[in-house]
Every structure is written in C-alpha cells, then in structure tokens.
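Peer 1: Pasting a structure below so you can have a look.
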Amino acid sequence: MIKPEIMSPAGYWPQLRAAIEAGADAVYFGLTHFTARAKTGFSLAELPEALRTLHCRGVKGYITFNSLIFDSELADAARALGAIAEAGTDAIIVQDLAALKLARQIAPALPLHGSTQMSITNADGIRMAQDLGVTRVVLARELSLAGVRAIRARTDCELEMFVHGALCVSYSGQCFSSEAWGGRSANRGQCAQACRLPYELIVDGAPRPLAGARYLLSPGDLYALRQIPEIVEIGVSALKIEGRYKDADYVALTTQAYRKAVDEACAGCVPDINRAAELQLEQVYSRGLGPHFLTGTNHQAVVRGRAPRHRGVCMGGVVALSEGAVILEPSPEHSISPLKPGDGVVFDAADWRSPQEPEEGGRIYQVALLASGKLELRFGNGAIHAERIRPGDLLWRTHDPDLDKAVRPFTTAAAPLRRQPVDVRVTAKPGAPLTAEWHLVNDPRVQATVTTPEPLASAQNRSLTLEFLREQLGRLGNTPYELASVELSIDGAPFAPASLLNQLRREAVSQLAAQQSAALRRAVVDPAFTLTKLAPQPAPSSPGAPKLHLLIRAPEQLEAALALRPATLTLDYLDLYGLRPSLERVRAAAVQARVAAPRLLKPGEERIADFLVQCGCPILVRSGGLLQALRGKPHPPLVGDFSLNAANAITAAALLEMGLTRLTPTHDLNAAQVTALAAGIGAELIEVVAFQHLPVFHTEHCVFCRFLSTGTSYRDCGRPCEHHRVALRDDAGRAHPVVADVGCRNTVFGAEAQEASAHLADWLAAGIRHFRLEFVHESPAELTRIARAFEEVLDSGRGFTELTEQLRQFAPEGTTQGSLFVPETALPVLQ
C-alpha cells in the first residue's frame, strides 16, 4: 500500500510554516513568475531559504512552474529552471511542454510533475507526459474515483489528485475567459475569475427565472475527507490541497484534517470524522463543501449558484424581525457550534436581491435563546440595516473567533509541533568509546553517528541502562525530532554520565539538521546552451494561395458551408453518430471533410477515438491523450487545435513531432506572437483561427442538466441540450452561447465574434496560408456573408479595413480582436 503524501499550498512564509506544523509531507509554492498563481509566491532569492526551512523539518518543496511560456521568455525560463534545480528543489510542477523539455536537458535529475493545467484525464495523456520525462501527473479535478481507479490500472506513473479546495468551473488549462474579456491569461496565472460573476440564463431567446441561483458557473469547494480510505486503497501517490491564495489558518486546518485521515486510513482504521471538525473546515473557508465529481456525476450538486465567495457555515433562516432584533430558526449546526457574540455573519438574500447590491452583515452583539427554540440576534447600533433583511433570508457565519484560537498553535508555534521520529542504536562497553547511531524513521538516508571522545569506565554504582538512555536522549526540547526507539547493545557494566549523553544528543541533532538542510546536489547544464540545442529549425515553406477552412457545429449550417467550397469543412457536432449523414453529404460534394475530437477524453470514452478514426477523414485533435492514443497506429492526417496550448516554438515542434501535420496556436497568443511562432517553426505548419466565438469555458458541469432538468446526469436529464439553445447573459448584456459536446461537457463561447481582419496582412506576409473560420449559432445566411467576405480579401490580398467594417455588420453580437489584440508595448520598435 502507498501512503500518499499530504501536499499543502503556500502563498508565502506564514502558510509554509503553518503547513509544516500541521503535518504536510510536501509543500507546493510558486515563484513570482512562471506560475499559475501570479499574485503570490517567493522570489528566486528566497527559494534556497524556503527549501532549507522545509527540508530541515523533513518536508519536500515542489515549485509550481506551471504557466505557458512565450518565445520571448524562453531564455529567462531556462535560467530560472537552472536556478531552481541548483537550489535543491524536490520537483517542479509543469504545464508547458517546452518547460518539460528544457528542464529535462538542464537538470536531468530534477523530478518533473505534470500540472493539472495539462488537462490530463486518461492513461493516454499520462503516457504522453511520461514520454516527455514526467514522473508524476496531477489529474484533472473532474475525474471520479472510478475514473482514477481505471487510470491507476493502466499506468505505473505516480498519480496526484486534488482532495480539498476551490473547483474551477472550467477544466484547468482550458479556460480562456480571462484572456477573452480582459487580456489576462489564466494559463499564465492571471485568472480574473469570470466564472464567479452572475449570469442570466437565456433559453431559446427568453430569460429563464432562477430565483437565487444567479451564479451559474460558480462551483462549490471540493471536500474529500470521507473518501480518503478509498483514495488510499486505489494507490494515489499524493493528495493535494488547493489554496495558494488562502491564509495560514486555512492551510493549518485543512492540512491537519487530511494528515489525520490519511494516518488513520493507512493504519487500517476508519477515519474519525465528526461534524464539529467538518464545520471547522467549512468555517475557515468554503463556498459549500462536497465531493462533487469524485463520487460521480450529479450536476444538481456542483453549482448551487447562490453566491460566488466564502460563505462559512449556514446557521439558520430568518423568520421575523422584532424591535431591532433578528429572529432566527437555527440550523442543526447551531447545536454543534453555537452562534455567540463576536461572530461575523452575513444575511443571504439571493432569492430577492440583485447580485449587484451589497449584502447585509456584521458582528453579533447578543444572542438569546427563546422559549420557542428560536434565536434572537442583536447587533450593535447602526451595524446592520434591518430594512434590508427579510424573513426567508439565510444566515451564514463567515467568521468564528474560536477558530482563531484553534489554529494559533500551528500559526504561532514557539516550538516545533510536528516532529520527526528517530531511531537510535547505542553500543557501549567499558574500555571503549560509546557509539550512538541516529536514523530518521521516515528517511533512513539521514543518519548521524556520534562517539564519546574517551572510552567508558566501568560503573561503580549505576551502570548504563536502556531506561536512562531513553530519558537522556529523548530530551529533544525545541528540536524538530522526537525519539521513536532506542536499542542498546551492552557488554559489561559501562558508566555514562548524563552530561556525556546530553553532549552526544546535541551533536547528533546538529548532524541530522545539517544533512537535512543541505541543498540537493544536482548537475546543471548551461541553460543558454540547452536553449540553443532545443530551438527548432523552421520548416521550409513555399507559400501558395491562401486556403479557407470552415468549422460548423450544427447540421443546418452544412449546405451553406458546402456552397462555399472551402479547403476543408470540419464537423464539430454534439451527436457523433449524427456525423455520418453529414460526412456522406460532404464527400458527395467533393469537399475535404474533417471531424473535430472532443477537447477531453475520460476513462470509458475510448470508443470515441475509435469512431473518429473510422470516419476515414482528417481529425482536429484537441487533447494530448488522443494524440498519444493515435501514435503508432494507422490513422488519418491530424491537425492540432488551440487546446493543446502551443505557446512557443519548442512546444509546437514537440507536438508536430508526435504526428500532427499542422497546428493551431493557443489562444493565449496575440496576433504578433502568432506571426513570430510561424517564423519559428514554419508558416506552412500553422493554421490560424481568423473568425470564431472564443471558447471561454470548457466545463464538466452541465448547465443544461442543472437548470433545465431535475436529473443528475445524461442518464436522467432528458437531453435538453438537444432541444434548446442556451446562452448566459452577463451584466454588460452580452449573451454567451453554451454548447454541449458528445461527453455532455459544456463549452461557453464568447458572445462577440473574435476576428483577425486587422492582422491578416501581417499573417499573409509571414507566409501563413491556412485560415479557419468557426461558427456556433450563426444562421446559414450569416455564415455565408462572413465566409464570402474573408474569401474575397484573402484572394485579393487587400480590403482588410473594409473587412473589419463588414464583419461588424454581419456578426449578430458584434466583433472584437479579443485575444489577438496586440498592445502597443508589444509592437516592435522601428529603427
């Protein structure tokens, strides 16, 4: 049985120290760059001290190097990787394939972990990562335990999974909302949390009332404490607690809870989880806790939709207001953790109040238990506005001062709370020096041997005993060690005074600490040389005429698309088996058909890959898992899509080497960076998207099932996705279409059409010849007008400004440059 690591987050020093004291086996943290949490982290100069602090307490330090890297940043990334390896990092957590390839060359002995940002959902995706040198993979949070078990059976790779904390509504690595609406890349640590905003549900063009559920894309938080025995039994190597933006209180309480549960499960005991302990976890930070996808699909449970932020514990519902007091019907939680003066609370009026209005709340001044069993709450003068509270509102306790006391031992520890057990073997006899060998129980490589400077004398009165040894050697005081066992090999009746044993103990502790805090020695190859070695040679190109590729998502768009005679027509349908008639129609029209693969494939969905191959036409590949599955097998030509997240030439070259004929750059690149990437790998190998509704969220959570049915999954939802058009309207009035795929996963598309007319001239000059137009809910007439406009400009090589104007008129929700926009600071300086 594998005893999994407890991995805790650290935004900075307070969280790192709290994680150590609460029992973490490993702490993961970022530097101030190249990390998926850009607003927090340690500087490169602080890294050696952070690692020493961890290592001397027997805790591993993993660096999150998990952002996409632009070509202009590769040199800095290579230097940073060299410094991270030299500092003694235990492993790095990586998203970008370029970072994997660089790290493997610069520091071959540095362990590499594949980030959840790699969107790995099956064993094929793991094999792709392993081929690039990854030894551990962080699985997507959308997998069930049954899915994890299936993956475990098909790979020998170490598996890591999240067990607690925030859930992103979008698959990690597949969210482009921040990029689309704010020019901030979530794949580069700049998430703007658009999923936590309120939206209005539009069904078939009309608003659908949802009462208090306005936060349609804001999931609850993950909580897997009760699933720990099964997770341990499956054989997962590491359990990850989310929260590099969370405070030290959160880190301490969550780490302590999962430490206890894992120790109990590995000892064969049923974890002792009481409701009071659960309430502590809810209180310190939660949007509502649950196992969510781990226990299988239940779309009614993942998103409650009442609020997007920390709520704490629901303490009851308002039943009346009386003479300055609020009368509350208490929840069962009140009997376990009662409301009291000083508690911070908020009134949840989601059923009647607009999300734009501030919530009412404050600190309780007085609590009285009424004869009816209800509670009378009073607040300080002017602390709350009673007219903004109504019967039916829920009351949440957002802060409990008692929790501050519970975490204080971990966050302000004067002496180490978490200690490392040591075994000691002592050899003693008169006329010879006493020798003591100290070994760390959890890491036998760390050992110290200490010897008395003089031979021992024979005892006159009191001979050395095991009890005396244990007493003296166990006085480890403020050290991070505790005595586990002492073994004494004795010959005769030697005498060893307490002062001598105390001196040996201090020497042993000093040796152990020095060994643990010493940096791991790793050979590092010159980063600049490595970068030169890995830089791809651009493929030769002889640009011909521009080619227009179309992608449609509805059968009613088919005839209009065929009439345009595109170079290829990609079918991206909800129902894969509905592809058959359309494919035959495309072939009959003598147009080259392509089929689009789902963005992700989970265990049990292998038949989808088989079906795509059997279609006998090129495949638009959207996941590393599918690309890996098709390697070494007969398959049609493959074109890599944006979701493979190729942000630089090294990554693009690596993907092309896996069998792609062309590649679409990630939407994290602006138009100038796309041009540069074409120059780096060869323009003929690039297929750009010149018109589309940017796929801003790609989520396992199904909006159709949650809000248009009472079902929990595709088995009982009635398939409303096949009968209704759904959009999410934001506060700016933009209606963002939602489309389901064959796996019931939803994609939310940006309302405005992102178009590249301002950049076509540069792309053509760079030799790019493959241009794709993607459609969502456009009518056949709109599709025709848009495609004809692009066709005329690409054929003539002029009229780009006029195209911009035409597209504004043709696109129903308007147009934008979106992620293609090139800020002035990014433009080259002309000499």
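First residue of the sequence shown: 759, per our numbering; consecutive thereafter.
C-beta atoms are modelled at their ideal positions from N, C-alpha and C, and glycine is treated no differently.
Bear in mind the structure is a predicted one, so any value in this text is a computation, not a measurement.
#1: Just list the alpha helix (DSSP H) runs in the segment 1406-1450, keeping only unbroken ones of 4 residues or longer that don't cross its boundaries, in chain order.
#2: Whole-angstrom Cβ separation of Ala1319 and Leu1541, contact assumed at under 8 Å?
#3: Applying the 10 Å Cβ sphere with the 16-neighbour rule, what's the burial state of Gly1110?
#4: Identify the continuous beta strand (DSSP E) that holds Pro1453 and give its terminal residues.
#5: To the nearest angstrom, how far is the alpha carbon of Ala1430 from that of Phe1579?
#6: Buried or exposed: where does Glu844 fall if 16 or more other Cβ atoms within 10 Å of its Cβ makes it buried?
#7: Check the Cβ-Cβ distances between Asn1403 and every residue of chain C, and say whether any is below 8 Å.
#8: Just grab the DSSP bridge partners of Glu918 for me.
#9: Which value, in whole angstroms, describes the spacing of the CA atoms of Ala1544 and Ala1569?
#10: Kindly confirm or deny that the segment 822-840 and the segment 1261-1279 touch, where touching means at least three C-beta pairs closer than 8 Å.
#11: What are the partner residues of Cys1375, as DSSP defines its beta bridges?
#12: Which of helix, strand or coil does DSSP assign to Pro767?
#13: Give the secondary structure of Trp1110 by DSSP, where H, G and I count as helix, E and B as strand, and everything else as coil.
#14: With DSSP as the reference, identify every bridge partner of Asn1504, one or two as the case may be.
#15: Measuring straight from C-alpha to C-alpha, what distance separates Leu1421 and Pro1453?
#16: Per DSSP, what are the beta-bridge partners of Val1208 in this structure?
#17: Residues in its own chain within less than 6 Å of Met919 by CB, not counting five upstream and five downstream?
#18: Exposed or buried, Leu1588, counting other C-beta atoms within 10 Å across all chains shown (16 or more means buried)?
#19: What is the rounded straight-line gap between the Cα of Arg1183 and the Cα of Thr1193?
#20: Per DSSP, which residues does Ala714 bridge with? Please list them.
#21: If Ala952 and Ser935 are in contact, beta carbons under 8 Å, what's the gap, nearest whole angstrom?
#22: Within its chain, find whatever has a CB closer than 6 Å to the CB of Pro1252; leave out the 5 residues flanking it on each side and keep chain order.
#23: Buried or exposed: which applies to Ile1094, given that a residue is buried once 16 or more other Cβ atoms fall within 10 Å of its Cβ?
#24: Look at the alpha carbon of Arg1064 and the alpha carbon of Leu1086, and state the distance between them as a whole number of angstroms.
#25: Mind checking Leu1309: buried by the 16 CB within 10 Å criterion, or exposed?
#26: Roughly how many whole angstroms lie between the Cα atoms of Ser1257 and Ile1031?
#27: Per DSSP, Trp939 forms a beta bridge with which residues?
#28: Starting from the C-beta of Ser766, find all residues in its chain whose C-beta is less than 6 Å away, skip the five residues before and the five after it, and write them out in chain order.
#29: Does the Cβ of Phe1253 lie closer than 7 Å to at least one heavy atom of the ligand MG?
#30: Am I right that His871 and Ala838 are in contact with their C-beta atoms under 8 Å? What's the rounded C-beta distance?
#31: Which residue's Cα is closest to the Cα of Pro1049: Val921, Gln773, Arg894?
#32: Relative to the C-alpha of Ser1080, which residue among Glu1134, Glu1115, Val1071 is closest?
#33: Report yes if the CB atom of Arg745 is closer than 8 Å to the CB atom of Pro1113, and no otherwise.
#34: So, with DSSP's three-state summary, where would you put Arg1343?
#35: Just mark Gln773 as buried or exposed, buried being the case when its beta carbon has 16 or more other beta carbons within 10 Å.
#36: Can you have a look at Leu1097 and say buried or exposed, based on whether 16 or more other CB atoms are within 10 angstroms of its CB?
Peer 2: This is what the structure gives:
#1: 1407-1415, 1429-1439
#2: Translated into the one-based positions of the sequence shown, residue 1319 becomes position 561. Translated into the one-based positions of the sequence shown, residue 1541 becomes position 783. Ala1319 to Leu1541, Cβ: 6 Å. Contact.
#3: Translated into positions along the sequence shown, residue 1110 becomes position 352. A quick correction: the sequence has Trp, not Gly, at residue 1110. Trp1110 comes out exposed.
#4: Here the question's residue 1453 lines up with position 695 in the sequence shown. Segment 1453-1457, the beta strand (DSSP E) holding Pro1453.
#5: As a first step, residue 1430 must be located in the sequence shown, where it is residue number 672. As a first step, residue 1579 must be located in the sequence shown, where it is residue number 821. Looking at the two C-alpha atoms, the distance is approximately 9 Å.
#6: Within the sequence shown, numbered from 1, the residue matching residue 844 stands at position 86. Buried: at least 16 other Cβ atoms inside 10 Å.
#7: The structure shown has no chain C; it contains just one protein chain.
#8: Numbered from 1 along the sequence shown, position 160 holds the residue referred to as residue 918. For Glu918, DSSP records a beta bridge to Val896, Ala996.
#9: Counting from one through the sequence shown, the residue named residue 1544 turns up at place 786. Counting from one through the sequence shown, the residue named residue 1569 turns up at place 811. Contrary to the premise, residue 1544 reads as Ile rather than Ala in this sequence. Cα-Cα distance, rounded: 8 Å.
#10: no
#11: On the sequence shown, residue 1375 is found 617 positions in, with the first residue counted as 1. According to DSSP, Cys1375 bridges with nothing at all.
#12: As a first step, residue 767 must be located in the sequence shown, where it is residue number 9. Pro767: strand per DSSP, three-state reduction.
#13: Position 352 of the sequence shown, counting from 1, holds the residue named residue 1110. In the structure shown, Trp1110 sits in coil (DSSP, three-state: anything other than H, G, I, E or B).
#14: To locate residue 1504, count along the sequence shown from 1; it is residue 746. DSSP, once it has assigned bridges, lists Thr1457, Ala1498 as partnering Asn1504.
#15: Stepping through the sequence shown from its first residue, residue 1421 is reached at position 663. Stepping through the sequence shown from its first residue, residue 1453 is reached at position 695. Roughly 17 Å separates the two Cα atoms.
#16: One-based indexing of the sequence shown puts residue 1208 at position 450. In DSSP, Val1208 forms a bridge with Ala1194.
#17: Here the question's residue 919 lines up with position 161 in the sequence shown. Contacts found: Leu897, Val994.
#18: Taking the first residue of the sequence shown as position 1, residue 1588 is located at position 830. Its pLDDT being 30, under 50, Leu1588 is placed unreliably by the model, and nothing is read from it.
#19: Reading the sequence shown from its first residue, position 425 is the one you call residue 1183. Reading the sequence shown from its first residue, position 435 is the one you call residue 1193. Roughly 8 Å separates the two Cα atoms.
#20: Since the first and last residues shown for the chain are 759 and 1589, residue 714 lies out of range.
#21: As a working note, residue 952 is residue 194 in the sequence shown. As a working note, residue 935 is residue 177 in the sequence shown. Yes, Ala952 and Ser935 are in contact; Cβ-Cβ is about 4 Å, under 8 Å.
#22: The residue you call residue 1252 lines up with position 494 of the sequence shown. Once the five neighbours on either side are set aside, the close Cβ partners of Pro1252 are Ala1186, Lys1187, Pro1188, Leu1214, Leu1222.
#23: Along the sequence shown, one-based indexing puts residue 1094 at 336. Result: exposed.
#24: Numbered from 1 along the sequence shown, position 306 holds the residue referred to as residue 1064. Numbered from 1 along the sequence shown, position 328 holds the residue referred to as residue 1086. Whole-angstrom Cα-Cα distance: 20 Å.
#25: Taking the first residue of the sequence shown as position 1, residue 1309 is located at position 551. Using a 10 angstroms sphere on the CB of Leu1309, the tally of other CB atoms reaches 16 or more, which defines it as buried.
#26: If you number the sequence shown from 1, residue 1257 lands on position 499. If you number the sequence shown from 1, residue 1031 lands on position 273. So the alpha carbons of these two residues sit roughly 45 Å apart.
#27: Taking the first residue of the sequence shown as position 1, residue 939 is located at position 181. DSSP, once it has assigned bridges, lists no residue as partnering Trp939.
#28: Sequence index remark: in the sequence shown, residue 766 carries index 8 (1-based). Within the same chain, Ser766 has close Cβ partners Ala777, Ala782, Val785, Ile999, Val1009, Thr1013.
#29: The ligand MG is not part of this structure, which contains no ligands at all.
#30: Position 113 of the sequence shown holds residue 871. Position 80 of the sequence shown holds residue 838. Between Ala838 and His871 the Cβ distance is about 17 Å, and since that is not below 8 Å, they are no contact.
#31: As a first step, residue 1049 is located in the sequence shown; it is residue number 291 there, counting from the start. Cα-wise, what sits closest to Pro1049 is Val921.
#32: Along the sequence shown, one-based indexing puts residue 1080 at 322. The candidate whose alpha carbon is nearest that of Ser1080 is Glu1134.
#33: The shown model of the chain, from 759 to 1589, leaves out residue 745, and the question about it has no answer.
#34: Translated into the one-based positions of the sequence shown, residue 1343 becomes position 585. Looking at Arg1343 - three-state DSSP - the assignment turns out to be helix.
#35: Counted from its first residue, the sequence shown places residue 773 at position 15. Its Cβ being crowded by 16 or more others within 10 Å, Gln773 is buried.
#36: Here residue 1097 is taken as the residue at index 339 of the sequence shown, counted from 1. Buried.
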